[in-house]
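Novice: Residue numbers (our numbering), protein chains in the order written: chain C, 72 to 382; chain Y, 165 to 504; chain B, -2 to 539.
Built from N, CA and C at the ideal position, the CB exists for glycine as well.
Below is a structure I'd like to ask you about.
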Amino acid sequence: MGKYVLKRIAISLLTLLAILFILFLMLEYMPGSPFNDEKLTEAQKILLYAKYGLDQPFFIKFFNYVSKMITGDFGVSYTINMNFAVGDMIASRLPITIKLGLQAITLGSLIGLLLGIVAAIKHNTWIDTITVMISTLGVSVPSYVFALGLAYFVGYKLGWFPILYNMSKAFESSVLPTLALSVFTIANVARFTRSEMIDVLGSDYIRLVQSKGVKEWKLILRHALRNALIPIVTVIGPLMVGLLTGSMVVEKIFAIPGIGSLMVNAIQMNDYNVVIAIAFVYSSLYIFTMLIVDILYGIIDPRIRIAKGGS
Amino acid sequence: MTLEEMKEYEFLDDDFKFAHNENEHLIDRSYSSTSYLKDVLANFMKNKGAIFGVVVVVLIIILAIIGPYLNDHTYKSILIEQASLPPRVPLLEKLGVFDGIRNGVNLYVERGFSDLYYWFGSDTQGRDIFTRVWEGTRVSLIIAFTAVIIDIMIGMVYGLISGYFGGKIDIFMQRFAEILNGIPQLVIVTLLGLVLPPGIVSIIFALMITGWIGMSRISRAQVLKLKEHEYILASKTLGARDFAIIFKDILPNIFGQIIIMSMFSIPNAIFMEAYLSFVGLGVPAPLASLGSLINEGYKSITVMPHIITSSIVVLALLMLSFNLFADGLRDAFDPKMKQV
Amino acid sequence: MKNLRLLVIMALVLALFTGCSSNAPSGDEVDETAKVVNIATDIDLSSMDHHIATDGTSFIAINSCIVGLTELDASGVVQPELAESWDVAYNDDGSTVYTFHLADAKWSNGEMVTADDFVFAWRRLADPATASQYNFIIETITLKNASAVVAGELPPEELGVRALDAKTLEVTLDLPVNFFLGLMAFPTFFPLNQEFFEAQGDQYALSPANLLYNGPFVMEEWVSGNSFSFVKNPDYFKAEDIMIDGLNFRFINDTQSAMLEFESGNLDYVRLTGELVGAYKDDPSFVERLQGYLWYLSVNVADESIDSVNLRKAISLVIDRDSIAANILKDGSIAADGIVPKQLAVGPDGKDYRESAPTFVSTDVEQAKALWEAAKVDLGVDTLEIELLFEDTEASKAVAEFIQSEIETNLEGLTVALKSQPKKSRLELMRNGDYQLGLTRWGPDYADPQTYLDLFLSFNNNAGYDNPVYDQTVLEATTGVTARDAEARWEMLKEAERILLENDCAVIPIYQNGGALMVSTRVQGIELHSVGIDSFKRVTLD
Chain C
72 MGKYVLKRIA ISLLTLLAIL FILFLMLEYM PGSPFNDEKL TEAQKILLYA KYGLDQPFFI
132 KFFNYVSKMI TGDFGVSYTI NMNFAVGDMI ASRLPITIKL GLQAITLGSL IGLLLGIVAA
192 IKHNTWIDTI TVMISTLGVS VPSYVFALGL AYFVGYKLGW FPILYNMSKA FESSVLPTLA
252 LSVFTIANVA RFTRSEMIDV LGSDYIRLVQ SKGVKEWKLI LRHALRNALI PIVTVIGPLM
312 VGLLTGSMVV EKIFAIPGIG SLMVNAIQMN DYNVVIAIAF VYSSLYIFTM LIVDILYGII
372 DPRIRIAKGG S
Chain Y
165 MTLEEMKEYE FLDDDFKFAH NENEHLIDRS YSSTSYLKDV LANFMKNKGA IFGVVVVVLI
225 IILAIIGPYL NDHTYKSILI EQASLPPRVP LLEKLGVFDG IRNGVNLYVE RGFSDLYYWF
285 GSDTQGRDIF TRVWEGTRVS LIIAFTAVII DIMIGMVYGL ISGYFGGKID IFMQRFAEIL
345 NGIPQLVIVT LLGLVLPPGI VSIIFALMIT GWIGMSRISR AQVLKLKEHE YILASKTLGA
405 RDFAIIFKDI LPNIFGQIII MSMFSIPNAI FMEAYLSFVG LGVPAPLASL GSLINEGYKS
465 ITVMPHIITS SIVVLALLML SFNLFADGLR DAFDPKMKQV
Chain B
-2 MKNLRLLVIM ALVLALFTGC SSNAPSGDEV DETAKVVNIA TDIDLSSMDH HIATDGTSFI
58 AINSCIVGLT ELDASGVVQP ELAESWDVAY NDDGSTVYTF HLADAKWSNG EMVTADDFVF
118 AWRRLADPAT ASQYNFIIET ITLKNASAVV AGELPPEELG VRALDAKTLE VTLDLPVNFF
178 LGLMAFPTFF PLNQEFFEAQ GDQYALSPAN LLYNGPFVME EWVSGNSFSF VKNPDYFKAE
238 DIMIDGLNFR FINDTQSAML EFESGNLDYV RLTGELVGAY KDDPSFVERL QGYLWYLSVN
298 VADESIDSVN LRKAISLVID RDSIAANILK DGSIAADGIV PKQLAVGPDG KDYRESAPTF
358 VSTDVEQAKA LWEAAKVDLG VDTLEIELLF EDTEASKAVA EFIQSEIETN LEGLTVALKS
418 QPKKSRLELM RNGDYQLGLT RWGPDYADPQ TYLDLFLSFN NNAGYDNPVY DQTVLEATTG
478 VTARDAEARW EMLKEAERIL LENDCAVIPI YQNGGALMVS TRVQGIELHS VGIDSFKRVT
538 LD
């Protein structure tokens, strides 16, 4: 197991470096430049490029960037907050995005599980149909529609929760974005739980347990859900990363100072360093979650560990 | 009843009767005469959700083809003085819906267009939303279908080769796919959207660049399973070449799975396109796609909700139907197969 | 079954509350009695370093807490600020010497604001090492030796600015620039305390603590991506004029969200965009303004496949600019009459430039059709596709689509391919001359037509427009002998505009930017300037 984990970590690190290179390469060919304004003259532009080392050849830039990055220096922002350290900008926003994501994933998985279980138990009844409808709609409709709907009806018409993010009322103002973000998780988890539970509930061993006269709730929690959970864990990992990227739009609507809104902003303002750094952070989070899921999966289901360790 | 008693027990004629008299007839109905596809179809037809899905998908496709020609407007003709009119449909308006009234005022009458009917309303520049929605649906479908077809081609070939040859080739190809997969799709699509010139082709390319990975995984997994089978061994022994085996013996067997997977990929592609539009990297104006329409309408959702409503409804219906259709297809092809 | 449901509900509640308890307690309760104005901004604060800043939001923020030699009052007239008074001496060679006498003002660290602070600031501005994007403005005022210093040919010490004593500043200009005093109210010319600046190293202006203030407010907090706020500066030398306790800026990208917040009463100032303008038009809080930004179609004259003056004129004549202003933008924008906007500059006759200058732009579809026929002959084609480059904002997109529709409906055989790009990429493409038609804008740097007419000098534009007569006319009016005669100069500027638009039709002016705002009725005294920085300094609250 230890060897397997080490190998996975090494591969992940290598992947990250490759990703960084690809990101850098893509940005090299991006049209536009961070220093572009109606007023800027060619001479000034050359000065600015020299100041930030952008006039260097590609590989030197890449090497400089990576060697600095190892020490935690992601360079400075060119346009959004001029001369701010990008590392600091991300460090102050990442916790907000992650906290929101965690809230959404917790809420979403719980509601999703509940819906999925109920639908599976009441398979082929109207409850089931409605759950399927809700989950399919939840997967279908973009989260910004929910976000705006919540902002308008719950935030504005009913006035229950603040619409815009407010540092001093962090929890109240995170309720609406959390709800908006969790819809996708609810839908996904509910779908998955439902199909897994139907499968498990139809299996022979459950019939055996049933015939032993075990109470229904015990049957579901102890015997059915536990087995259904294994594959569900695997979808929650990728969903989590999906949430982070999905938060771009929701963060914009609720004016949340997280990395999603920063990314959108950086893209629009050609703030190269910020774009690279955030894309890199996203990728790291993604690879990290995948790693965790893989390892978790091995712990939950020993068969996989053996199979993977063997190959 | 003790053992002694049982020994003495006498059976009467009516103690037993046939329990499964009818069922034996059923067993007689042989499946050998029905082909696999007929079987699939029969299974599929039993699924009401899937039927609903197919019907709606077909309806939407038909409307996407003919919809833009059902009235005199084109998707880009601007009649600025007729901007922002709410939906109004003849006959239906008498029922109090689609009557062109907003905030209690019939805007058509108020602005002197009593004879005009915009079925889905007009947008903020005075373009017919009905025409634009179906034009947009068409563009979205074209993008999604093309992207998915290319995904299938690349993914399938990649997966087949990687899985069949195994060894170093497999490790190298899987590592490459893993690295590409390590970049979140949204990030890569966004960056590509920035680098490439705006247009449908660029969007398809951006969607394609990561989309094939899922497809390759499935085909690789299937190949790994299938290549140990005896019939492949038989083929090999008879001297069939590798590519012949891959494409003649293995490919047909994984086709069902690929079709199902691609049905799930289509709504995903539509979804990604909508996201791209949101970051401003969608189809170039004045072309419409469902994503760009939603994005446009969203900017005035609080004051003119009708602009966004129709495109949202079409998008939601389309994705709902595709998902139901894919679900049904999966169940029909292989009732045991789990969601991928 | 019931037990299970209860369990899950409990877990759910628990999850929500753990989320709650992990938050820092909402410590800093807002003081309800404090007179604070809440302002929404749709662009994040980019920089508080007044030599580095380039955008409106940054300038408004800087202008709230640092002041310069002069300032603009509500109607845009120059008033003394740090400079109590000044003397002007005109020399025979055209050079002009301003001597400013400074008031007793203090920095927020207790130091006096001295003439040396100006000298140091201007030297830093001109120094190529600073790489200020706004350093061209020091050349615009024709400060002595400025061009050479900016080009790195002379050391910054050679700049035509010096401190006669702690309270007296002498500025030498090469020409009698009539908008000079107005520009002294612009943040780029504000002072900077050398000692403090050097003590901050590379952290200068990156947080409220790394900045010195001498204005009405001091910066209190700056949360990147979220908000920044100011509180009243008790040490401001005119502190008694300031009627509010603070300014609170919230960065909200989406106007609809901002308006929901406005309607909840949490915001006092929101800039409206798109359809929201129409929706709130009749609201008592609705305010319309006219800005100095002029939007125009830049035509790439260097592209021979479209180089026909008849084509340009046809396109210009076919666009219904009033409709763009009234039906698409609806925010107080007006159709452009020329390349120089309204309310930009007042001439020697005391009238607005546009009042005395002719209207060079009109709409006439029939004439346009005839010109298009002529253009076909010029270019030797029957049909033509022309590319229109624009940026991906809502307004630009709508205007570009409208222009496309106007051209394609009226000029048969002429089709327009729209190309949308993010702003920075659009500018890059235009800078490289990689476009045919480009929808672009220019904001005035100072209150004079020159700021627009300079753009089209052969060595300044990237569109390949090169007319020696135009160059000569503009240069004579701005730097030649005529520059010393205000009236002759004014007429010559009009002549230059006529050459540009009527003869060559080298650019196609479209509209002058308006702006729609929602300003809470409890707030009075926000000063909106079409040239210069909007000011919240003299705001009062009911």
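Determine the direct distance from the alpha carbon of Pro173 of chain B to that of Thr137 of chain B, and round the result to whole angstroms.
Specialist: Between Thr137 of chain B and Pro173 of chain B, the C-alpha separation is close to 12 Å.
Novice: Below 8 Å on the Cβ atoms is my contact criterion, and I expect Leu91 of chain C with Val137 of chain C to pass it. Report the Cβ-Cβ distance as a whole number of Å.
Specialist: About 7 Å; that satisfies the 8 Å criterion.
Novice: When burial is assigned at 16 or more other CB atoms within 10 Å of the CB, is Arg293 of chain C buried or exposed?
Specialist: Flag for Arg293 of chain C reads exposed.
Novice: For the stretch 149 to 159 of chain C against the stretch 232 to 239 of chain C, are there 3 or more C-beta pairs whose distance is under 8 Å?
Specialist: With the cut-off at 8 Å, the stretch 149 to 159 of chain C and the stretch 232 to 239 of chain C do not touch.
Novice: Locate the alpha helix (DSSP H) running through Arg247 of chain B, then write down its first and last residues.
Specialist: Taken as a continuous stretch (DSSP letters only), Arg247 of chain B belongs to no alpha helix (DSSP H), being part of the beta strand (DSSP E) at Gly243 to Phe248.
Novice: Note down the Cα distance separating His194 of chain C from Leu296 of chain C, rounded to an integer number of angstroms.
Specialist: Using only the alpha carbons, I get a separation of about 15 Å.
Novice: Strictly below 9 Å CB to CB, what residues from chain Y border Phe259 of chain B?
Specialist: Chain Y residues near Phe259 of chain B: none, gap ~12 Å exceeds 9 Å.
Novice: Relative to the C-alpha of Met515 of chain B, which residue among B:Ala163, B:Ser282, B:Ala126 and B:Phe187 is closest?
Specialist: Taking only the C-alpha atoms, the option nearest Met515 of chain B is B:Ser282.
Novice: Nearest to Arg519 of chain B by CA position, among B:Ile507, B:Phe259 and B:Val337, is which residue?
Specialist: Here the closest residue by C-alpha is B:Phe259.
Novice: Name the DSSP bridge partner or partners of Lys103 of chain B?
Specialist: Partner(s): B:Met109.
Novice: Could you tell me which residues DSSP pairs with Pro77 of chain B in its beta bridges?
Specialist: Partner(s): B:Thr67.
Novice: Helix, strand or coil for Gln509 of chain B? Go by DSSP, reduced to three states.
Specialist: Gln509 of chain B: strand per DSSP, three-state reduction.
Novice: So Asn297 of chain B and Gly461 of chain B are supposed to be a Cβ contact under 8 Å. How far apart are they, rounded?
Specialist: That belief holds up - the Cβ atoms of Asn297 of chain B and Gly461 of chain B are roughly 6 Å apart, short of 8 Å.
Novice: On the criterion of 16 or more Cβ atoms from any shown chain inside 10 Å, does His393 of chain Y qualify as buried, or is it exposed?
Specialist: Label assigned to His393 of chain Y: exposed.
Novice: Counting C-beta neighbours from all protein chains within 10 Å, is the total for Gly492 of chain Y 16 or more, i.e. buried, or is it exposed?
Specialist: Gly492 of chain Y comes out buried.
Novice: Against chain Y, with Cβ distances strictly below 7 Å, would Met97 of chain C count as a contact?
Specialist: Met97 of chain C counts as touching chain Y.
Novice: In the structure shown, what three-state DSSP assignment does Arg494 of chain Y receive?
Specialist: The answer is helix: DSSP assigns Arg494 of chain Y an H, G or I state.
Novice: Give me the chain C residues within the contact set of Gly222 of chain B, using Cβ-Cβ distance strictly less than 7 Å, ordered along the chain.
Specialist: Those are Arg164, Pro328, Ser332 and Leu333, listed as they occur along chain C.
Novice: Run through DSSP, which three-state label would Met372 of chain Y get?
Specialist: Correct three-state label for Met372 of chain Y: helix.
Novice: Shorter than 7 Å from the beta carbon of Gln421 of chain Y to some beta carbon of chain C?
Specialist: Gln421 of chain Y does not count as touching chain C.
Novice: Going along the chain, which residues of its own chain have a beta-carbon closer than 6 Å to the beta-carbon of Asp334 of chain Y, five neighbours each way excluded?
Specialist: Around Asp334 of chain Y: Ser326.
Novice: Between Thr93 of chain B and the rest of its own chain, which residues show a CB-CB distance below 6 Å, the 5 nearest in sequence each way excluded?
Specialist: So the qualifying residues of the chain are Tyr87, Leu170 and Pro173.
Novice: With burial defined as no fewer than 16 other Cβ atoms inside 10 Å of the residue's Cβ, what is the status of Ile405 of chain Y: buried or exposed?
Specialist: Before going further, note that residue 405 of chain Y is Arg rather than Ile in the sequence given. It is exposed - the Cβ of Arg405 of chain Y has fewer than 16 other Cβ atoms within 10 Å.
Novice: What is the C-beta distance between Ala372 of chain B and Ser305 of chain B, in whole angstroms, given that I count them as a contact (C-beta under 8 Å)?
Specialist: Confirmed, about 5 Å.
Novice: Which value, in whole angstroms, describes the spacing of the CA atoms of Ile404 of chain B and Thr196 of chain C?
Specialist: Going by the C-alpha atoms only, they are around 59 Å apart.
Novice: Any C-beta of chain C sitting closer than 7 Å to the C-beta of Val359 of chain Y?
Specialist: It does: the Cβ of Val359 of chain Y has a partner Cβ on chain C nearer than 7 Å.
Novice: What would DSSP say about Tyr290 of chain B, mapped onto helix, strand or coil?
Specialist: Reduced to three states, the DSSP call for Tyr290 of chain B is strand.
Novice: Would Leu357 of chain Y pass as a contact of Leu454 of chain Y if the rule is Cβ separation under 7 Å?
Specialist: First, the residue type needs correcting, since residue 357 of chain Y is Gly and not Leu in the sequence shown. No, these two residues do not count as a Cβ contact at 7 Å.
Novice: When the distance is taken between beta carbons, is Leu314 of chain B closer than 7 Å to Gln253 of chain B?
Specialist: Contact: no.
Novice: Between Ile507 of chain B and Ala367 of chain B, what straight-line distance do the alpha-carbon atoms span, to the nearest angstrom?
Specialist: Approximately 21 Å between the Cα atoms of the pair.
Novice: How many angstroms separate the CA atom of Gly331 of chain Y from the CA atom of Gly323 of chain Y?
Specialist: Rounded to the nearest angstrom, the two C-alpha atoms are 13 Å apart.
Novice: Please check the pair Val321 of chain C and Ser214 of chain C, which I expect to be a contact at CB under 8 Å, by giving their CB distance rounded to whole angstroms.
Specialist: Going by Cβ atoms, the distance from Val321 of chain C to Ser214 of chain C rounds to 6 Å, so yes, they are a contact pair.
Novice: Entirely within the stretch 256 to 321 of chain Y and at least 4 residues each: give me those alpha helix (DSSP H) ranges in chain order.
Specialist: Correct list: 271 to 274.
Novice: Less than 8 Å between C-beta atoms, sequence neighbours within five positions excluded: which residues of the same chain meet that for Met337 of chain Y?
Specialist: Hits under 8 Å: Tyr322, Ile325 and Ser326.
Novice: Kindly indicate which residue of B:Asp279, B:Asn458 and B:Asp445 has the alpha-carbon position closest to the one of Asn175 of chain B.
Specialist: With distances taken between Cα atoms, Asn175 of chain B lies closest to B:Asp445.
Novice: Which class does Asp279 of chain B belong to by DSSP, given the choice of helix, strand or coil?
Specialist: It is coil, neither helix nor strand.
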